[in-house]
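> Going by the numbering used here, the final residue of the sequence shown carries number 783, and the count climbs one at a time with no gaps. C-beta: ideal position from N, C-alpha, C; glycine also.
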Amino acid sequence: MGDQTRGNGSYEDEYRRSIADPEGFWGEAAEALHWERRWDKVLDTLKPPFYRWFAGGELNTCYNAVDRHVDNGRADQPAIIHDSPVTDSKTVITYAELKDRVARFAGVLRDLGVVKGDRVIVYMPMVPEAAVAMLACARIGAIHSVVFGGFSAKELATRIDDAKPKVMVAGSCGIEPNRVVHYKPLLDSAIESASHKPAHCVILQRDQGRAEMLEGRDVDWAEAAAAAAPADCVPVAATDPLYILYTSGTTGQPKGVVRDNGGHAVAMAWSMKHVYGVEPGEVYWAASDVGWVVGHSYIVYAPLLHGCTTVVYEGKPVGTPDAGAFWRVIEEHGVSILFTAPTAFRAIKRDDPKAEHLKRYDTGKLRALFLAGERCDPDTLEWAGGILGVPVVDHWWQTETGWAIAANCLGIEQLPIKPGSPTRPVPGYDVQVLDDAGEPVGAGDIGRIMIKLPMPPGCLPTLWGNDERFVQSYLSAQPGYYLTGDAGYMDEDGYLFVMSRIDDIINVAGHRLSTGGMEAVLAGHPDVAECAVIGVADQLKGELPLGMVVLKAGVDRDNADICGELVKLVREQIGPVAAFKTVIVVDRLPKTRSGKILRGTMKAIADGKDYRMPATIDDPAILGEIEQFLGAAGYAKHA
Ligand code: COA
Ligand code: AMP
């Protein structure tokens, strides 16, 4: 491992300085960027609990991510490498070409009437045009909202109604290993059912599944880009929104996480050097999807802001064509840092436990593997480190923060790795573990993981159009603190262990989903009286949703038919990404005396874990029944 990765400072010193003097710390970090107007105040604390970074400053995120590098000698360096085993193609786009493409597409948006502050929804597969569309919005000060392709038309409609976009940008199709996913019919149906009607849709036609265009509303990407004059970068306030990214909340209504321009750009650029230990010019690969926060931060913005080459990979860790796919990409493109979710490595390990495919490739340039998105089991961490021979860094963060809360900051100082822990809080984050009364718990004791305000730059300033929900969801549990929604503990060395969510969010293959949202779908079926969805442990995906339903009295249809309908409903209304495939019909659900369904207890039973009889249970006998139902369906085998 090179010296760069080993870092060049002391974690303790950097961390302490970031907490003692956040303005000095982040003001210095902000010098890495080009500002049209310098900030008046690094941190505006006038309206707590709302904090604003770089108030009074003006910049353009696209200029910093693209044009600045063209102006500073990186014009011919690859900015994006699109590697697409599913279409058998590879494309390299230099910074100069990226600038041209982005400026032209910004011209297309401008010609369609998009101005600063307007919203644009992007519904795209993993093609470079997804990044081009995002950067083009940033260029003209429009606010993008990328929706993951594995979500249904209904989820897309919900986002259309919340963000109220002037324009939609979509691919005609996405390509999954087992099928072509036609995006355009989903887009059309979402617009039809939404109350808000976007004025135009720009469609990127792909030969694998061309879309039918709607005269007057739909615009062909290639034709429009060829005809458009390039648009210049528009300076925006550091505190203006760059994007909205919807994420699962505790209800069916997703939360529109807002990201600002200034704080975000500073955090992204700082994290590349200090968390990941990457230098400008190196190849950085986040194997995720632009629809998730990892894709926003580490496929698009951070690598480009730092002058790296980013890999946009349209494929899977296995099956495209085999479990050697990642090693091929690392070798062919000279990847220095790989970032993915533990589930990807579990998939590779399942298909190729001895890593035979690795022998065919030279992965010598790889310096470290970063994993996030779900809890990383020590087995996966150790297996990955063993086969690759590089440090494997589990780091913990969430859509809301936009970058790592806890990590082993390789660019500062590599700390000893403790499997099961994402190491220590990243500079800027004052992480504390508190009990229900708001008191700090002792080392090793589990509590709610909170972040003392203010959070560092890059974290969400609010939820789109909903300051109240922002405060109520995140800031009201403990005044002065941000509630992460995760529970865990800190050991005596200050290492954090993130153990579980305290709400109904589950993590399926690194994808964040709300079981409450799935329950709302099941409850909408005419034969269902009551239901619960829990996340059961799964060896590949970490967790999988399992539905349990009680049918209405008098329903005498075949249970298998009803379960099939329920699976179809969730797929239609939430999307294939929910991976909702199993429902069990039960006679009753266990509840507390006040009527709250005991989901946690059912999860423990399903996972075959020991559990304590809840003191407030209404009828303890139901748990035995549930165990029988789960046992008959192949669950509840003692771990
Ligand atoms: N558009 C449309 N459908 C999509 C999609 C997209 N962009 N992405 C996934 N889907 C569909 C899949 O085709 C699958 O549908 P199916 O039920 O018809 O098979 C379903 O959603 C579930 O997809 P996925 O979670 O990818 O499961 P999988 O079984 O196809 O693959 C893994 C399993 C582990 C290989 C895969 O989850 C993976 O590569 N994970 C990497 C981790 C990752 O990217 N995490 C993101 C956060 S860092
Ligand atoms: P998302 O917003 O999709 O990034 O999901 C964030 C959630 O995923 C976190 O709140 C955690 O519950 C979980 N998560 C992400 N990374 C980790 C990690 N390294 N360890 C444990 N849980 C994680």
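By alpha-carbon positions, which one of D671, E359 and P689 ends up nearest to I649?
Walking along the sequence shown from the start, residue 649 turns up at place 505. If we check each option's Cα against that of I649, P689 comes out closest.
> Among the residues of its own chain, which have a CB less than 6 Å from the CB of D362, if the five just before and after it don't count?
The residue given as residue 362 occupies position 218 in the sequence shown. Excluding the 5 residues flanking it on each side, D362 has same chain C-beta neighbours closer than 6 Å at C345 and I347, in chain order.
> By the three-class DSSP mapping on this structure, what secondary structure does P486 have?
Position 342 of the sequence shown, counted from the first residue, corresponds to residue 486. It is helical.
> Does the Cβ of K460 lie closer than 8 Å to at least one heavy atom of the ligand COA?
Within the sequence shown, numbered from 1, the residue matching residue 460 stands at position 316. Checking the Cβ of K460 against the ligand COA gives yes.
> Could you pull the DSSP bridge partners for D574 from this structure?
Here residue 574 is taken as the residue at index 430 of the sequence shown, counted from 1. The partner list for D574 (beta bridge, DSSP) reads K596.
> Hey, how far is the Cα of E716 from the Cα of G294?
Numbered from its first residue, the sequence shown carries residue 716 at position 572. Numbered from its first residue, the sequence shown carries residue 294 at position 150. The alpha-carbon atoms of E716 and G294 are separated by roughly 11 Å.
> Let me check one thing: in DSSP terms, what residues is R732 bridge-paired to?
Indexing the sequence shown from 1 puts residue 732 at position 588. Answer is none; R732 lacks a bridge partner.
> Does the structure place the stretch 673-688 close enough to the stretch 419-435 that three or more beta carbon pairs sit under 8 Å?
no
> With 16 as the cutoff for other CB atoms within 10 Å, does M145 come out buried or exposed?
Stepping through the sequence shown from its first residue, residue 145 is reached at position 1. Below a pLDDT of 50, predicted positions are generally treated as unreliable, and M145, at 35, falls in that range; the measurement from the model is reported next regardless. Answer is exposed; the Cβ neighbour count stays below 16.
> With a threshold of 16 other CB atoms inside 10 Å of the CB of R490, please say whether the residue is buried or exposed.
If you number the sequence shown from 1, residue 490 lands on position 346. When all chains shown are included, R490 counts as buried.
> Rounded to whole angstroms, what's the CA-CA distance from K696 to R756? Just pull it up for me.
In the sequence shown, counting from the first residue as 1, residue 696 sits at position 552. In the sequence shown, counting from the first residue as 1, residue 756 sits at position 612. Distance from the CA atom of K696 to the CA atom of R756, rounded to whole angstroms, is 30 Å.
> Looking at H213 and P272, is the spacing between their C-beta atoms short of 9 Å?
As a first step, residue 272 is located in the sequence shown; it is residue number 128 there, counting from the start. As a first step, residue 213 is located in the sequence shown; it is residue number 69 there, counting from the start. Not in contact: P272 and H213 (Cβ atoms no closer than 9 Å).
> Considering only the beta carbon of each residue, do N208 and P379 sit closer than 9 Å?
As a position in the sequence shown, residue 208 is number 64, starting the count at 1. As a position in the sequence shown, residue 379 is number 235, starting the count at 1. In this structure, P379 does not lie closer than 9 Å to N208 by Cβ.
> Closer than 8 Å to a non-hydrogen atom of the ligand AMP - does that hold for the CB of E663?
Within the sequence shown, numbered from 1, the residue matching residue 663 stands at position 519. In this structure, E663 has its beta carbon at no less than 8 Å from each heavy atom of the ligand AMP.
> Shortest alpha-carbon distance to V133 belongs to which of M662, T628 and P734?
Any property of residue 133 remains undetermined from this structure, which presents the chain solely from 145 to 783.
> Assuming contact is defined by CB atoms lying nearer than 9 Å, are M599 and Y327 in contact in what I supplied?
To locate residue 599, count along the sequence shown from 1; it is residue 455. To locate residue 327, count along the sequence shown from 1; it is residue 183. No; because the gap between Cβ atoms is not below 9 Å, this pair is not in contact.
> In angstroms, rounded to a whole number, what distance separates the CA positions of K298 and G257?
Mapped onto the sequence shown, residue 298 falls at position 154. Mapped onto the sequence shown, residue 257 falls at position 113. So the two alpha carbons sit approximately 26 Å from each other.
> With a threshold of 16 other CB atoms inside 10 Å of the CB of R568, please say whether the residue is buried or exposed.
Position 424 of the sequence shown holds residue 568. Counting of Cβ neighbours within 10 angstroms places R568 among the buried residues, the total reaching 16 or more.
> Check the C-beta distance from T726 over to I761 and give it rounded, since I have them as a contact under 8 Å.
Against the sequence shown, residue 726 aligns to sequence position 582. Against the sequence shown, residue 761 aligns to sequence position 617. Not a contact, Cβ separation roughly 25 Å.
> With a threshold of 8 Å, are at least 3 pairs of Cβ atoms found where one atom belongs to the stretch 657-671 and the other to the stretch 503-521?
At 8 Å Cβ cutoff, the stretches do not touch.
> Using three-state DSSP, classify R756 as helix, strand or coil.
Numbered from 1 along the sequence shown, position 612 holds the residue referred to as residue 756. Coil at R756, not helix or strand.
> What does the alpha-carbon distance come out to for the pair I766 and P486?
Indexing the sequence shown from 1 puts residue 766 at position 622. Indexing the sequence shown from 1 puts residue 486 at position 342. Their Cα atoms are separated by approximately 36 Å.
> What beta strand (DSSP E) runs, 3 residues minimum, are completely inside the stretch 174-218?
185-191 and 194-199
> My output table needs one value for S289: the three-state DSSP class, helix, strand or coil.
Locating residue 289 in the sequence shown gives position 145, counting from the first residue. S289 falls in the strand class under three-state DSSP.
> Can you give, in chain order, each stretch of the alpha helix (DSSP H) that sits fully within the stretch 260-308 and has at least 4 residues?
272-284 and 297-307
> Which two residues bound the contiguous beta strand (DSSP E) that contains N651?
Position 507 of the sequence shown, counted from the start, is the residue given in the question as residue 651. Taken as a continuous stretch (DSSP letters only), the beta strand (DSSP E) holding N651 covers I649 to V652.
> In angstroms with no decimal places, state the Cα-to-Cα distance between P193 and T545.
For the purposes of this step, residue 193 is identified with residue 49 of the sequence shown, where counting begins at 1. For the purposes of this step, residue 545 is identified with residue 401 of the sequence shown, where counting begins at 1. The straight-line gap from Cα to Cα measures roughly 16 Å.
> In the DSSP assignment, find the unbroken beta strand (DSSP E) run with W429 in it and report its ends.
What you label residue 429 is simply residue 285 of the sequence shown in a count that begins at 1. Segment V427 to A430, the beta strand (DSSP E) holding W429.
> So for K685, helix, strand or coil by DSSP?
What you label residue 685 is simply residue 541 of the sequence shown in a count that begins at 1. Note: K685 maps to coil in three-state DSSP.
> Counting along the chain, where does the alpha helix (DSSP H) carrying R472 start and finish?
The residue you call residue 472 lines up with position 328 of the sequence shown. First-last of the alpha helix (DSSP H) with R472: A469 to H477.
> Could you tell me if A370 is buried or exposed, where buried requires 16 or more neighbouring beta carbons within 10 angstroms of its beta carbon?
Numbered from its first residue, the sequence shown carries residue 370 at position 226. Under this definition A370 is an exposed residue.
> Could you check the C-alpha separation between L300 and I556 for me, to the nearest Å?
What you label residue 300 is simply residue 156 of the sequence shown in a count that begins at 1. What you label residue 556 is simply residue 412 of the sequence shown in a count that begins at 1. C-alpha separation (whole angstroms): 40 Å.
> Using the C-alpha atoms, what's the distance from V444 back to A776?
For this step, residue 776 is matched to residue 632 along the sequence shown. For this step, residue 444 is matched to residue 300 along the sequence shown. So the alpha carbons of these two residues sit roughly 46 Å apart.
> Quick check: the Cα distance between V291 and M268, rounded to an integer number of angstroms?
Sequence index remark: in the sequence shown, residue 291 carries index 147 (1-based). Sequence index remark: in the sequence shown, residue 268 carries index 124 (1-based). When rounded, the distance between both Cα atoms is 8 Å.
> Taking 8 Å as the line, does the beta carbon of H408 fall inside it for any heavy atom of the ligand AMP?
Taking the sequence shown and counting its residues from 1, the one referred to as residue 408 is at position 264. False, no ligand heavy atom lies under 8 Å from that Cβ.
> Relative to the alpha-carbon of K550, which residue among A581, F514 and L532 has its alpha-carbon at the smallest distance?
Along the sequence shown, one-based indexing puts residue 550 at 406. The identity of residue 550 in the sequence shown is Ala, whereas the question assumes Lys. Closest by alpha carbon: F514.
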